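Written out below as structure tokens is the structure these notes cover.
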Amino acid sequence: MLSAVSLLTLIGCTAQTAAAATTTRSYKFGSVIDNYKGQYGDVVRRDVCIIGGGASGVHAAVSLKDLNKTVVVVDRAHRLGGNTLTYLDPATGTPIDVGVVVFQPLPAVLNFFKKFNVQLANTSTIVANVPGQPANLSVPAPLYLTIPQYTDLRDGSPVQVTQDGLAVQKAIQGLAAAMAKYAYILDGFEALAHPVPEDLVMPFGDFMAKYKLEAAIPIVFSVAQGLGSLIHLPTLYVIKYFNFGDLKAFSEGYLTQAQGNNSLLYTRATDYLGADNILYESTVISANRDKRTTASGQPELLVSTSDGGVKLLSCGQIVLTIPPNLANLAGWDLTDEEQAVFSQFTTSTGYWTGLVKGVGLNQTIAYTNAAANTPSHIPVLPGLYHVSAVGVLDDVWWMKVGADTATLADDQIKARAVREIQKLQAAQGVPVTNPEWLIFDSHSPFMMQARPKVIRSGFYKKLTALQGGLGGKMYYSGAAFHTHYSGYLWRYNEDVVIPKMAKKWKRGEN
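Numbering (mature numbering (1 follows the signal peptide of the UniProt record, and there is no 0)) for the sequence shown: -20 to -1, 1 to 490.
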């Protein structure tokens, strides 16, 4: 048998020259996009390609179109809106928001809804039902008031929870004062101080203990759904999501779509953008963002589309709004900086929502998940936040599941939710059923996190430095770059992302 060196000699080269060729040659088949040349029809050319059709992506697309930029939105779902999802009862047409429910009254929220003539209502002005009484059918379903009954949904047993109203009120006031010191974090991670204050890096439970605010933890947990068991998270993540604006809204009210259909905003935005500018059920499978090596002279994205084919996008600029974990970015030509930063998102919480029918429990009671022997009676997760009826439809129930990890499969979550309902049914002495799922949606990964030591080492300074990368071609928005709150993401687009993009336009670089 010939040795490797003998074989190389026979074909006219040496091991040394072969190694040199490896490092200097431009290979013919090194690009997926080039290999598929001729298979993707007409190239879709746009000023801006937006990856992700949730709150950030749709708002960015609309805002850029308003600035006379051509856009295309790529989303893996069959609709726009992301975590905003509304169930429409086929018999009555009654809408029930099962994703995003309320908004803080920020100018960005008021302006976006006004643009599409979608009516908002302030929750402080809505007359809901008296707890224990039937729902007011003219009021959005999430405002239906019930009587809380603390229950360990692992076995359906009651949990004794004692709350001191005055202590809770004092703790909420103290939390507002503590948050006020860090109000700048609501402007985006660009505003985060360096070094990062230890208050923001320490576990939220320790933060609350430091300021003697433990009485408010159950309130934060019930409102900040999606953050898992919450008290172990760096405080930064918690008070960006459950923030000063929420405390203000407790007294002044939140905003919600007047008929209980927040998805109407995205329906009208979809019409405004136009069908030719949206690729549904589509995913980027390859990227070449080096305009020096593309046929169009612009960054190019190859997209797998819903019709089973592929499309090539030629993009003046790109806005990435999907969760930037490495799994989502497989096929992208990540820079060393992007790879280094995104790989530091090592964990995230999980959140799933839906509706079921056929539970048969008392619809005036909210069976709120709790545990007898955990800090602040936080329930053991993964598990339902509560089992409670929507009120506006008979025997239809909210399903909201939280977890400290996003790795659980949807089928596991649905099975767990049904088991907890059945345990509760058995404990309450009603027939045990197999409830019918009317709608189900995954919001996972929800809160993407870097570890505390990574945050201390300047992670968010490196993350925000990615804006305008690749010579002003690459920009980012979405929850990982701010927080899971539509209004704050819209404001971030307006105040940070689009102004940065516009600087390149003024220089004639797009």
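Yeah, the Cβ is synthetic: ideal placement off N, Cα and C, and Gly gets one too. On a predicted model such as this, the values are computed, not experimentally measured, just so you know.
Which class does Gln237 belong to by DSSP, given the choice of helix, strand or coil? strand
Near Ala1, what residues of its chain come up, given a Cβ to Cβ distance below 6 Å and the 5 sequence neighbours on each side ignored? Because Ala1 carries a pLDDT of 39, less than 50, the predicted location of this residue cannot be relied on, and no value is offered for it.
Here's the rule I'm using: 16 or more other beta-carbon atoms within 10 Å means buried, otherwise exposed. How should Ala157 be labelled? exposed
Considering only C-alpha positions, which residue in the set Leu450, Leu235, Leu253 and Asn268 is nearest to Asn102? Leu235
Bridge partners for Ser328 per DSSP, in chain order? Met428
Cross-strand partners of Thr348 (DSSP beta bridge): Per DSSP, the beta-bridge partners of Thr348 are Tyr130 and His366.
Could you tell me the alpha carbon to alpha carbon distance between Arg59 and Tyr260, rounded to whole angstroms? Approximately 7 Å between the Cα atoms of the pair.
Going by C-alpha to C-alpha distance, which of Asn414, Asn353 and Ser104 sits closest to Gln140? Asn353
Indicate the three-state DSSP secondary structure (helix, strand or coil) for Gln140 in the structure shown. coil
Separation of Leu253 from Thr72, as counted between CA atoms: Distance between the alpha carbons of Thr72 and Leu253 is about 30 Å.
When the distance is taken between beta carbons, is Leu443 closer than 9 Å to Met454? Cβ atoms of Met454 and Leu443: not closer than 9 Å.
Going by the beta-carbon positions, is the gap between Ser36 and Gly296 smaller than 9 Å? no
For Pro411, count the other beta carbons within 10 Å of its own beta carbon; 16 or more makes it buried, fewer makes it exposed. Which is it? exposed
Quick check on Lys483: buried or exposed, where buried means 16 or more other Cβ atoms within 10 Å of its Cβ? That one is exposed.
Less than 9 Å separating the beta-carbons of Phe426 and Tyr331? yes
Rounded C-alpha distance that separates Pro87 from Thr344: 36 Å
Quick check on this structure: which residue in Leu300, Pro114, Phe325 and Ala196 has the alpha carbon closest to the alpha carbon of Ile478? Minimum Cα distance to Ile478 is reached at Leu300.
Straight-line gap, Asp375 to Thr74 (C-alpha atoms, nearest Å): 14 Å
Cβ contact (3+ pairs, closer than 8 Å) linking the region 186 to 193 and the region 129 to 144: Here the region 186 to 193 does not lie against the region 129 to 144, with fewer than 3 beta-carbon pairs under 8 Å apart.
Are the beta-carbon atoms belonging to Thr50 and Val81 less than 9 Å from one another? no
I think Ile76 touches Val372, with their Cβ atoms under 8 Å apart; what is that distance to the nearest whole Å? 7 Å
Straight-line Cα distance separating Ile265 from Arg56: 12 Å
Taking the C-alpha atoms as reference points, what is the distance between Met159 and Val434? Spanning the two alpha carbons is a distance of roughly 22 Å.
If you run the structure through DSSP and keep just helix, strand and coil, what is Arg25? strand
Which one of Gln19, Arg26, Val12 and Gly18 has the shortest CA to CA distance from residue 492? Outside the shown range of the chain (-20 to 490) lies residue 492, about which nothing can therefore be said.
At 4 residues or longer, and completely inside the region 275 to 301: list those alpha helix (DSSP H) runs for me, N to C. none
With three or more beta-carbon pairs closer than 8 Å as the criterion, would you say the region 304 to 313 touches the region 356 to 365? no
What residue range does the alpha helix (DSSP H) around Thr215 cover? Thr215 to Tyr221
Quick check on DSSP: helix, strand or coil for Pro122? helix
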